[in-house]
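S.K.: This structure is in structure tokens; I'll ask about it shortly.
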Amino acid sequence: MTTSGTYIYDDTLASFIDESFERCGVDPAELTVRHLRSARRSLNLMFSEWPNRGVKLWTVDQVTLDMVDGTATYNAASATICILDAVLRRSSVDTPMYPISRSAYAVLPNKTTEGKPSRFYLDRGTTPTITVWQVPENSTDDMLYWRVRRIQDVGNPSNTLDVTSRWFEALASGLAAKLAVKFAPGRATTLTVLAENSFLLASSEERERTDTSITVSL
Numbered sequence: 553m554t555t556s557g558t559y560i561y562d563d564t565l566a567s568f569i570d571e572s573f574e575r576c577g578v579d580p581a582e583l584t585v586r587h588l589r590s591a592r593r594s595l596n597l598m599f600s601e602w603p604n605r606g607v608k609l610w611t612v613d614q615v616t617l618d619m620v621d622g623t624a625t626y627n628a629a630s631a632t633i634c635i636l637d638a639v640l641r642r643s644s645v646d647t648p649m650y651p652i653s654r655s656a657y658a659v660l661p662n663k664t665t666e667g668k669p670s671r672f673y674l675d676r677g678t679t680p681t682i683t684v685w686q687v688p689e690n691s692t693d694d695m696l697y698w699r700v701r702r703i704q705d706v707g708n709p710s711n712t713l714d715v716t717s718r719w720f721e722a723l724a725s726g727l728a729a730k731l732a733v734k735f736a737p738g739r740a741t742t743l744t745v746l747a748e749n750s751f752l753l754a755s756s757e758e759r760e761r762t763d764t765s766i767t768v769s770l
């Protein structure tokens with residue numbers, strides 16, 4: 553048996569659009585500019601929806617934020633959705649930082665107290681910001697945080713997409729379902745069911761495989 557020996561399949565936006573329209577019963581040779589614009593819009597909308605349905609591991613990355621003496625609030629890295637974990641690094645030693653809510657930060661009696669930051673509040677507004685407490689007492693500490701970022705926009709038809717191969721089928725199925733609502737209503741129900749099944753299958757594998765320990769307090 554002869555196999556390719558490669559693991560590089562990563563199709564373009566144009567190919568995914570063709571595949572999705574074929575599932576709708578539309579010949580890609582008949583696609584117009586309107587079809588293509590509609591497909592790009594639907595895919596961008598789908599990418600904005602996916603983070604609401606759980607963490608996508610390929611969108612998790614580590615960011616280093618330089619602390620500044622006396623400065624409590626900083627802009628979060630571009631496209632940040634949420635922060636999963638954080639540590640404060642001082643002299644190559646990491647200590648945990650814990651998230652607090654808006655309400656918990658609001659009731660802190662003295663927000664200007666300087667010291668070693670151990671808490672952070674992420675304001676998830678239009679421009680996300682990170683506020684730490686205590687206020688940094690030097691400019692040599694770093695906050696390292698692991699955040700979930702937005703999925704990148706689809707861009708030009710020749711672009712590959714910001715999606716890992718585990719999710720290619722969910723991508724094609726999801727786009728086909730959205731396009732069917734507009735261009736093939738008779739297939740919309742069937743394609744929506746297939747899209748949901750593909751999404752759930754991909755989601756079930758979107759996890760880290762680690763040992764689990766359970767501590768019971770007596």
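Residue numbers for the sequence shown follow the working numbering, beginning at 553 and rising by one.
A virtual CB, placed ideally from N, CA and C, is assigned to each residue, including glycine.
1. With H, G and I counted as helix, E and B as strand and the rest as coil, what does DSSP make of MET695?
2. Reducing DSSP to helix, strand and coil, say where ARG701 ends up.
3. Considering only the beta carbon of each residue, do VAL645 and PRO669 sit closer than 9 Å?
4. Would you identify the three-state DSSP class for TYR559, choosing helix, strand or coil?
5. Can you list, in chain order, the residues of its chain whose CB lies under 7 Å from that of SER594, leaving out five sequence neighbours each side?
6. Using 9 Å as the threshold, is the C-beta distance between ILE682 and THR647 below it?
7. Which same chain residues end up closer than 8 Å to LEU660 when comparing Cβ atoms and leaving out the 5 residues on each side of it in sequence?
8. Evaluate contact between the region 662–680 and the region 628–637, counting only Cβ atoms and requiring at least three cross-stretch pairs below 8 Å.
9. Quick one: Cα of SER756 to Cα of SER556, how far?
10. By alpha-carbon positions, which one of ARG592, ALA591, ASP621 and SER750 ends up nearest to SER725?
11. For TRP698 and GLU760, what's the separation of their Cα atoms in angstroms?
12. Anyone know if the C-beta pair for ARG702 and PRO603 falls short of 9 Å?
13. Can you tell me which of THR767, ILE766, ASP763 and ALA754 puts its alpha carbon nearest to the alpha carbon of LEU609?
14. Measuring alpha carbon to alpha carbon, tell me which of LEU696, ARG654 and TYR559 ends up nearest ARG641.
15. Where VAL733 and VAL715 are concerned, what is the direct C-alpha to C-alpha distance, given to the nearest angstrom?
16. Going by the CB atoms, is the gap between ASP637 and GLU666 shorter than 9 Å?
17. Just how far apart, CA to CA, sit PRO737 and THR712?
18. Kindly give me the distance between the Cβ atoms of GLU628 and PRO680, rounded to whole angstroms, as I take these residues to be in contact under 8 Å.
19. Take the Cβ of THR741 as the centre, count every other Cβ of all protein chains shown within 10 Å, and call the residue buried at 16 or more, exposed below.
20. Which two residues bound the contiguous alpha helix (DSSP H) that contains VAL585?
21. List the endpoints of the continuous beta strand (DSSP E) containing ALA638.
22. On the DSSP letters alone, give me the boundaries of the beta strand (DSSP E) that ASP763 sits inside.
M.R.: So, from the data block:
1. As a working mapping, residue 695 is identified with position 143 in the sequence shown. It is a strand residue.
2. Numbered from 1 along the sequence shown, position 149 holds the residue referred to as residue 701. DSSP places ARG701 in strand when its eight states are reduced to three.
3. In the sequence shown, residue 645 corresponds to position 93, counting from 1. In the sequence shown, residue 669 corresponds to position 117, counting from 1. Not closer than 9 Å, so no.
4. One-based indexing of the sequence shown puts residue 559 at position 7. Here TYR559 sits in coil by DSSP.
5. Position 42 of the sequence shown, counted from the first residue, corresponds to residue 594. Cβ-Cβ distances below 7 Å link SER594 to LEU727, LYS730 and LEU731 in the same chain, with the five nearest sequence neighbours on each side left out; the list follows chain order.
6. In the sequence shown, counting from the first residue as 1, residue 682 sits at position 130. In the sequence shown, counting from the first residue as 1, residue 647 sits at position 95. Contact check for ILE682 against THR647 fails: the beta carbons are separated by 9 Å or more.
7. Here residue 660 is taken as the residue at index 108 of the sequence shown, counted from 1. TRP685.
8. With the cut-off at 8 Å, the region 662–680 and the region 628–637 touch.
9. Within the sequence shown, residue 756 is the residue found at index 204, counting from 1. Within the sequence shown, residue 556 is the residue found at index 4, counting from 1. Separation of SER756 and SER556 (C-alpha to C-alpha, rounded to the nearest whole angstrom) is 28 Å.
10. Mapped onto the sequence shown, residue 725 falls at position 173. Taking only the C-alpha atoms, the option nearest SER725 is SER750.
11. Counting from one through the sequence shown, the residue named residue 698 turns up at place 146. Counting from one through the sequence shown, the residue named residue 760 turns up at place 208. C-alpha separation (whole angstroms): 14 Å.
12. Here residue 702 corresponds to residue number 150 of the sequence shown, with the count starting at 1. Here residue 603 corresponds to residue number 51 of the sequence shown, with the count starting at 1. In contact: ARG702 and PRO603 (Cβ atoms closer than 9 Å).
13. Against the sequence shown, residue 609 aligns to sequence position 57. Ranking the options by Cα distance to LEU609, first place goes to ALA754.
14. For the purposes of this step, residue 641 is taken as the residue at position 89 of the sequence shown. Residue nearest to ARG641 within the set LEU696, ARG654 and TYR559 is LEU696 (criterion: CA-CA distance).
15. Start at 1 with the first residue of the sequence shown, and residue 733 comes out as number 181. Start at 1 with the first residue of the sequence shown, and residue 715 comes out as number 163. VAL733 and VAL715: Cα-Cα distance of roughly 23 Å.
16. Position 114 of the sequence shown holds residue 666. Position 85 of the sequence shown holds residue 637. For GLU666 and ASP637, no; Cβs fall outside 9 Å.
17. Indexing the sequence shown from 1 puts residue 737 at position 185. Indexing the sequence shown from 1 puts residue 712 at position 160. Going from the Cα of PRO737 to the Cα of THR712 covers about 28 Å.
18. In the sequence shown, the residue the question calls residue 628 occupies position 76. In the sequence shown, the residue the question calls residue 680 occupies position 128. With the sequence shown as reference, residue 628 is identified as Ala, and Glu is not the correct amino acid for it. With 8 Å as the limit, ALA628 and PRO680 qualify as a contact, their Cβ atoms being about 4 Å apart.
19. By one-based count along the sequence shown, residue 741 stands at place 189. Exposed, because fewer than 16 other Cβ atoms sit within 10 Å of the Cβ of THR741.
20. Here residue 585 is taken as the residue at index 33 of the sequence shown, counted from 1. First-last of the alpha helix (DSSP H) with VAL585: 585–601.
21. The sequence position of residue 638 within the sequence shown is 86, counting from 1. Where ALA638 is concerned, the enclosing beta strand (DSSP E) stretches over 632–642.
22. Position 211 of the sequence shown, counting from 1, holds the residue named residue 763. ASP763 -> no beta strand (DSSP E), and no H or E assigned at all.
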